[in-house]
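A.B. asks: Okay, here's the structure, questions in a sec.
Numbering (our numbering), first residue to last: 903 to 1575.
Laid out in structure tokens, this is it:
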């Protein structure tokens, strides 16, 4: 049967594989599979189980639920996971035995958000993070108000960081909790006006390490994130001295001598790009070592895709049983690979080639790995990787384990991108990818769509992107690049645009447009530009500074840095990433705001924005639309409802994600075909 072209509705068919967890004995791998229930316009997530000896893969949990964060008990007999009942909209920790039977609910927590469960070494307890819902905003409280006709109460805000895009209001603090793995009785073991993250048990089970900013002023000193130790019963906290800076993803070495973490040393604004590194600290002697000091790349996953949430990192490092080396992922030139480093700081890559590893796990011997891995023509699937450990770690047998998207792949035509490098105005080499139509004819001329990624400190790369494949299938050359400001390169490559957007990054993107226009198969009179978040900012900057594009699409964008500085969920720190402030020294912010130059716009512009966006609030789109309408410019504003957020394109309601793609297609065809 001949293959068909990709369409917007293919979003409904693609399965997202994630969070692989190899059993301690290396025989099994449990993982999550996220699917879309098109009939009820919602996402489902279930646990699946793979037999690593036979290769058999089967669904393990069922129902109208969202199952996440599966974690093996130390003896490998049970799996703890977080289940959200989609009918009741409540989350709890559940357990299921590996030898069969129904899952059962372990905890009976109040309404709230639960973080990754972490088993104690003896399997008797489970640590996790929990942020309770404020009593005024529980489902029960809301229902009572509806029944009695009462209004919603006001929120009393006293903290600067009181909401988070994709989550909502942070009315209550997140702390470390411990529950009994048999009875489910749960106890909060940390408290205070702070948020706590990333619990990790000591090998003897006597301590739990976690990270928290417990400085005298966390909002003014966001960099003072420390590692703390606490008894599983709670009580006095002990701080482990480490270099000042952001840190997370902590894990104790099997011999108890080291705690590994991912982070960087800095007292700078949290927006300033830094290449995260792998560190170890000895909690007994306070010795600290950076294991990737000479690796000028970002540890973790910085690759963007429309198949999963952005900026999810790369997970906790994994130790060998000898406690002499760790494994972690690194973003490098559009890829994300598995690396290893020993305690002397000797690091090396384990995998190679075009790939995006976005989650990983290993057995207790750290010789068998499961990798959640995507490629430009492969939505995420699981692969196994066997290592031969000697003086160095050598990878062998990278083998695909799951084929959950095989049926869909058999039906559609996908395009393999061509990697290119081109020179910018000052000779700097810029990386990009050209995605051509599946039936590409080099003798024809094609319209081109230039995409600009968000962040800005992230990267495009060798991962599956449905939106790109869609536009290629519809006859466009899709060109996506990593201009300066992107991650995956030297730290200086990203940091050069700090507080100065619209300069070298703009010139790099214009160099990309020049390169594209020089290609014999590109119709330079039918070139469009599009981007979201920072990519939307840069799209706005482009249309206010040049008219070379036939049309443009600005999605969840920034247009006014002055108003953005105080209305985003991350309010700008004065003289931090940006010079000045937004009340009495706004000159630099306004100078770099595309809105200031709105009168220059000549390019037809499609504005897409969500009312529930807390990162780049809806007011950004409203200001831009109002200005362009007053100026009698060609502009259309597509405004999505309150239940959508900044991540509409990758995690919003399925019907609205499809609607968004259709509207972009209509706009492009109106001007470029």
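For each residue, glycine too, the CB sits at the ideal point set by N, CA and C.
Hey, how far is the Cα of residue 983 from the Cα of residue 1011?
C.D. replies: The alpha-carbon atoms of residue 983 and residue 1011 are separated by roughly 14 angstroms.
A.B. asks: Is the region 1076-1084 touching the region 1092-1111 in the sense that three or more CB pairs, one from each, lie closer than 8 angstroms?
C.D. replies: Yes: at least three Cβ pairs fall under 8 angstroms.
A.B. asks: Measuring straight from C-alpha to C-alpha, what distance separates residue 1541 and residue 1407?
C.D. replies: C-alpha separation (whole angstroms): 28 angstroms.
A.B. asks: Whose CA, out of 1435, 905, 1499 and 1273, lies closest to the CA of residue 934?
C.D. replies: When only C-alpha atoms are compared, the closest one is 1273.
A.B. asks: What does residue 1165 pair with, by DSSP beta-bridge criteria?
C.D. replies: According to DSSP, residue 1165 bridges with 1149 and 1179.
A.B. asks: Can you tell me where the alpha helix (DSSP H) with residue 1372 in it begins and where it stops?
C.D. replies: First-last of the alpha helix (DSSP H) with residue 1372: 1368-1375.
A.B. asks: Which whole runs of the beta strand (DSSP E) in the region 912-968 are 3 residues long or more, in chain order?
C.D. replies: Fully enclosed beta strand (DSSP E) runs of 3 or longer: 918-924, 930-939, 944-953 and 959-961.
A.B. asks: So residue 1005 and residue 998 are supposed to be a Cβ contact under 8 angstroms. How far apart are they, rounded?
C.D. replies: With a Cβ gap of about 4 angstroms, residue 1005 and residue 998 count as contacting.
A.B. asks: Provide the residue span of the beta strand (DSSP E) that contains residue 1009, from first to last.
C.D. replies: Run containing residue 1009: none; DSSP gives neither H nor E here.
A.B. asks: In terms of alpha-carbon separation, which member of 1154, 1159, 1180 and 1173 lies closest to residue 1145?
C.D. replies: Taking only the C-alpha atoms, the option nearest residue 1145 is 1180.
A.B. asks: Would residue 1190 and residue 1152 be called neighbours here (beta carbons separated by less than 9 angstroms)?
C.D. replies: No, the Cβ-Cβ distance between residue 1190 and residue 1152 is not below 9 angstroms.
A.B. asks: Would you kindly check if the distance between the Cβ of residue 1063 and the Cβ of residue 1477 is under 9 angstroms?
C.D. replies: Not in contact: residue 1477 and residue 1063 (Cβ atoms no closer than 9 angstroms).
A.B. asks: Under 7 angstroms Cβ to Cβ from residue 1462, same chain only, skipping five residues before and after it: list those, please.
C.D. replies: Excluding positions up to five away in sequence, the list reads 1495, 1497, 1522 and 1525.
A.B. asks: Taking the continuous beta strand (DSSP E) assigned at residue 1050, which residues delimit it?
C.D. replies: Unbroken run through residue 1050 is the alpha helix (DSSP H), 1041-1050; no beta strand (DSSP E).
A.B. asks: Kindly identify the DSSP beta-bridge partner or partners of residue 1512.
C.D. replies: Beta-bridge pairing links residue 1512 to 1542.
A.B. asks: Where does residue 1264 sit, in a helix, a strand or coil, going by DSSP?
C.D. replies: Residue 1264 falls in the strand class under three-state DSSP.
A.B. asks: Using only alpha-carbon positions, find the residue among 1336, 1188 and 1507 that is nearest to residue 1531.
C.D. replies: Among 1336, 1188 and 1507, the Cα nearest to that of residue 1531 is on 1507.
A.B. asks: What's the gap between the Cα of residue 1537 and the Cα of residue 946?
C.D. replies: Taking the straight line joining both Cα atoms gives about 37 angstroms.
A.B. asks: For residue 1558, which of helix, strand or coil comes out of DSSP?
C.D. replies: In this structure, residue 1558 counts as helix in the three-state DSSP scheme.
A.B. asks: Would you call residue 1323 buried or exposed, if buried means 16 or more other Cβ atoms sit within 10 Å of its Cβ?
C.D. replies: With fewer than 16 other Cβ atoms within 10 Å, it is exposed.
A.B. asks: Is the distance from the Cβ of residue 1396 to the Cβ of residue 1248 below 9 angstroms?
C.D. replies: Their beta carbons are not under 9 angstroms apart, which means residue 1396 does not touch residue 1248 by this criterion.
A.B. asks: What's the C-alpha gap between residue 1051 and residue 1544?
C.D. replies: Each residue's Cα considered, the two are about 22 angstroms apart.
A.B. asks: With residue 1384 and residue 1334 assumed to form a contact (beta carbons below 8 angstroms), what rounded beta-carbon distance in angstroms separates them?
C.D. replies: Between residue 1334 and residue 1384 the Cβ distance is about 7 angstroms, and since that is below 8 angstroms, they are a contact.
A.B. asks: Could you spell out where the alpha helix (DSSP H) holding residue 1410 opens and where it closes?
C.D. replies: Counting along the chain, the alpha helix (DSSP H) containing residue 1410 begins and ends at 1406-1419.
A.B. asks: Can you tell me which of the three DSSP states residue 1384 falls into?
C.D. replies: Residue 1384: strand per DSSP, three-state reduction.
A.B. asks: When the Cα of residue 907 is compared with those of 1489, 1314 and 1409, which residue comes out closest?
C.D. replies: It is 1314 whose Cα lies nearest to the Cα of residue 907.
A.B. asks: For the candidate residues 1030, 1085, 1040 and 1289, whose alpha-carbon lies nearest to that of residue 1014?
C.D. replies: Considering only alpha carbons, the answer is 1040.
A.B. asks: Closest by CA to residue 1600, which one among 1022, 1018 and 985?
C.D. replies: Residue 1600 cannot be examined here, being either before or after the span of the chain that is shown, 903 to 1575.
A.B. asks: If we cut at 9 angstroms on Cβ distances, does residue 1054 have a partner in chain B?
C.D. replies: Checking the listed chains, one finds no chain B in this structure; it contains a single protein chain.
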